[in-house]
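Scroll down for the structure; my scribbles are underneath it.
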């Protein structure tokens, strides 16, 4: 199944089963935030599409946004814990083992910015799923990680869902 077929299938399912929208959005956000899975799921376009479904008035915004945030939190948490568990061994695992220069840049980024790297990384496409893993490898303390992870996940979910949900139209009218 190609990305376009996956996107269409998921959006059709959400449209037909609106009560499942928060759960499905959470799963998509989890896939987007998990280190390796993020490469296989076209989550960004699906999230924007779900935002458009919200904008049509069929699906409530807040439960879907919370679902997306929870999925993103869990995906980053799993990536972080994998990094903490495997430490330097995670750098040799696929796909990180194929891109040692990217890992070095990620480590420098995490060491320089600490927990802020999680917040900033969440909004940078390729870094979104890798920064938490590298933060775990770099042994970023758990409390700063969790604070950054939770706060940025809710902001991230809002940013991806709100435009399609009608934020742009609302701002034009305001």
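Residue numbers (the UniProt record's numbering): 1 to 174.
Where a beta carbon is used, it is the ideal one built from N, C-alpha and C, also for glycine.
For residue 29, the CB contacts under 6 Å within the same chain, skipping 5 residues up- and downstream, are 68, 71 and 72 in chain order. In chain order, 164 place their CB closer than 6 Å to the CB of residue 48, counting only its own chain and leaving out the 5 sequence neighbours on each side. Around the beta carbon of residue 35, 16 or more other beta carbons lie within 10 angstroms, which makes this residue buried. Around the beta carbon of residue 33, 16 or more other beta carbons lie within 10 angstroms, which makes this residue buried. Of the candidates 82, 145, 2 and 14, 145 places its Cα closest to the Cα of residue 115. Burial is judged here by how many other beta carbons sit within 10 angstroms of a residue's own beta carbon; residue 75 has at least 16 and is buried. Apart from the 5 residues on each side of it in sequence, residue 130 sits with its Cβ closer than 7 Å to the Cβ of 35 and 106 in its chain, given in chain order.
Only residues of its own chain outside the window of five on either side were considered, and among them 136 have a CB closer than 7 Å to the CB of residue 81, listed in chain order. Look at residue 94 here: in three-state DSSP terms it is coil, with no helix or strand label. Here residue 134 has 83, 103, 106, 107 and 110 as same chain residues with Cβ atoms under 7 Å from its own Cβ, once five neighbours each way along the sequence are excluded.
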